[in-house]
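Trainee: In the numbering used here, the protein residues as written are 518 to 768. Sharing a structure here in structure tokens format.
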Amino acid sequence: AFSPDERTLYVCDTARYHVRAFDVDASREIRKGSGRVFARLNPETPGGPDGMKVDRDGRVYVAVAQGIWVFEPEGCLLGILALPKRPSNLAWCGPDGSTLAYSHGDEAGTDLMLVDLAGGAPRRITVGHGSDNTTPEFSPDGRRIAFTSGRAGHPEVYIMDVDGSNVELLTPFNFGDQNYRSNPDWAPDAQHIAFESQISGMFQIMVISLRDRSVKQLTSDGANEDPAWAPDARHLVFTSSRTGVKQLFIL
Numbered sequence: 518a519f520s521p522d523e524r525t526l527y528v529c530d531t532a533r534y535h536v537r538a539f540d541v542d543a544s545r546e547i548r549k550g551s552g553r554v555f556a557r558l559n560p561e562t563p564g565g566p567d568g569m570k571v572d573r574d575g576r577v578y579v580a581v582a583q584g585i586w587v588f589e590p591e592g593c594l595l596g597i598l599a600l601p602k603r604p605s606n607l608a609w610c611g612p613d614g615s616t617l618a619y620s621h622g623d624e625a626g627t628d629l630m631l632v633d634l635a636g637g638a639p640r641r642i643t644v645g646h647g648s649d650n651t652t653p654e655f656s657p658d659g660r661r662i663a664f665t666s667g668r669a670g671h672p673e674v675y676i677m678d679v680d681g682s683n684v685e686l687l688t689p690f691n692f693g694d695q696n697y698r699s700n701p702d703w704a705p706d707a708q709h710i711a712f713e714s715q716i717s718g719m720f721q722i723m724v725i726s727l728r729d730r731s732v733k734q735l736t737s738d739g740a741n742e743d744p745a746w747a748p749d750a751r752h753l754v755f756t757s758s759r760t761g762v763k764q765l766f767i768l
């Protein structure tokens with residue numbers, strides 16, 4: 518996740534229970550040697566950080582086993598939003614950032630939930646029925662959600678209204694193919710969604726136009742995953758193994 522000024526990139530280090538921060542220079546390169554621990558989570562409770570968002574004031578929201586931890590831009594813990602079950606895959610609902618979506622799983626599958634930051638009980642907006650519904654991403658106007666679902670028997674990207682109605686398959690597939698498409702990220706221009714797609718056994722970054730549903734492949738070297746748009750909609754950050762080790766890249 519980027520800071521509002523796009524000068525800092527935050528990354529969850531789940532294994533070490535850290536959130537790390539990296540400086541991004543004017544040429545959109547990650548400054549070498551700038552990686553540092555931004556925040557430390559509680560390693561005594563199983564379940565490291567799994568999902569993160571930054572609000573317009575630079576506060577960082579991190580999903581962990583105990584709920585959603587909120588940090589000031591300087592890294593100080595502001596508070597914890599306790600939830601009945603472990604959250605993951607955070608997403609903002611609407612431009613005012615007053616509602617968060619997250620996913621949580623149990624024996625019946627994984628579903629998407631909404632929670633108001635001002636208070637109130639979480640609200641379920643999908644029903645798993647044994648499938649997984651994960652990685653929610655809201656449209657810039659907060660009216661629709663892109664998400665990953667296995668309801669067709671394999672992961673695909675869907676979109677729906679914020680109340681869970683009008684579910685629509687976004688990524689086309691052919692029956693018999695070994696499809697795996699996931700991790701959508703809605704562009705700030707509201708006209709495109711980036712996602713990852715498995716091609717010849719490796720994930721690649723794709724972008725689909727919401728105007729004509731045309732799909733463009735952006736990567737081909739190595740395995741490329743977890744696309745995230747910069748606030749200006751001109752750049753994508755993603756992880757890639759093209760150098761032999763998993764690193765962050767910006768397109």
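Cβ coordinates follow ideal geometry from the N, Cα and C atoms, glycine included. All figures in this text were calculated on a predicted structure; none of them were measured in a lab.
Report yes if the C-beta of E624 is less than 7 Å from at least one heavy atom of the ligand SAH; otherwise report no.
Mentor: This structure lacks the ligand SAH, and indeed carries no ligand of any kind.
Trainee: Shortest alpha-carbon distance to E546 belongs to which of T525, R557, G614, T531?
Mentor: Comparing Cα-Cα distances from E546 to each of T525, R557, G614, T531, the minimum goes to T525.
Trainee: Under the rule that 16 or more other beta-carbon atoms within 10 Å means buried, what is G550, buried or exposed?
Mentor: exposed
Trainee: Is the CB-CB distance between I585 and V577 below 8 Å?
Mentor: no
Trainee: I'd like the ranges of any beta strand (DSSP E) spanning at least 3 consecutive residues and lying wholly in the region 658 to 732.
Mentor: 661 to 666, 673 to 678, 698 to 703, 709 to 716, 719 to 726
Trainee: Please report the distance separating the alpha-carbon of G636 from that of S737.
Mentor: 44 Å
Trainee: Go to V581, then tell me how far its beta strand (DSSP E) extends in each direction, as first and last residue.
Mentor: 577 to 581
Trainee: Please say whether P672 and N606 have beta carbons closer to each other than 8 Å?
Mentor: no
Trainee: May I have the straight-line CA-CA distance separating L727 from E561, to the nearest angstrom?
Mentor: Between the alpha carbons of L727 and E561 lies a distance of about 44 Å.
Trainee: Would you mind working out which of S615, N559, L686 sits nearest D574, comparing C-alpha positions?
Mentor: S615
Trainee: Can you say whether D628 is buried or exposed, counting buried as having 16 or more other CB atoms within 10 angstroms of its CB?
Mentor: buried
Trainee: Select from A625, G626, H621 the residue whose C-alpha is nearest the C-alpha of V632.
Mentor: H621
Trainee: Using a Cβ-Cβ cutoff of less than 6 Å, which residues in the same chain neighbour F539 once the five nearest sequence positions on both sides are dropped?
Mentor: Answer for F539: L526, I547, S551, G552, listed in chain order.
Trainee: Candidates S731, Y697, D729, V732: which alpha carbon is nearest G718's?
Mentor: Y697
Trainee: On the premise that L598 lies in contact with F588, defined as a C-beta separation below 8 Å, what is that separation, rounded to the nearest angstrom?
Mentor: Wrong, their Cβ atoms sit about 12 Å apart, outside the cutoff.
Trainee: Check each candidate in M630, P566, Q721 and name the one with the smallest Cα separation from V732.
Mentor: Q721
Trainee: Out of C593, P566, Y619, point me to the one whose CA is closest to V581's CA.
Mentor: Taking each of C593, P566, Y619 in turn and checking the Cα distance to V581, the smallest one comes out for P566.
Trainee: Are L617 and C610 touching if we call contact CB-CB under 8 Å?
Mentor: The answer is yes: Cβ separation under 8 Å.
Trainee: To which residues of the same chain is I725 closer than 6 Å at the C-beta, ignoring the five residues directly before and after it?
Mentor: I710, V732
Trainee: For A750 versus P705, is the C-beta distance shorter than 8 Å?
Mentor: yes
Trainee: Using a 10 Å radius around the Cβ and a threshold of 16 neighbouring Cβ atoms, would you call A608 buried or exposed?
Mentor: buried
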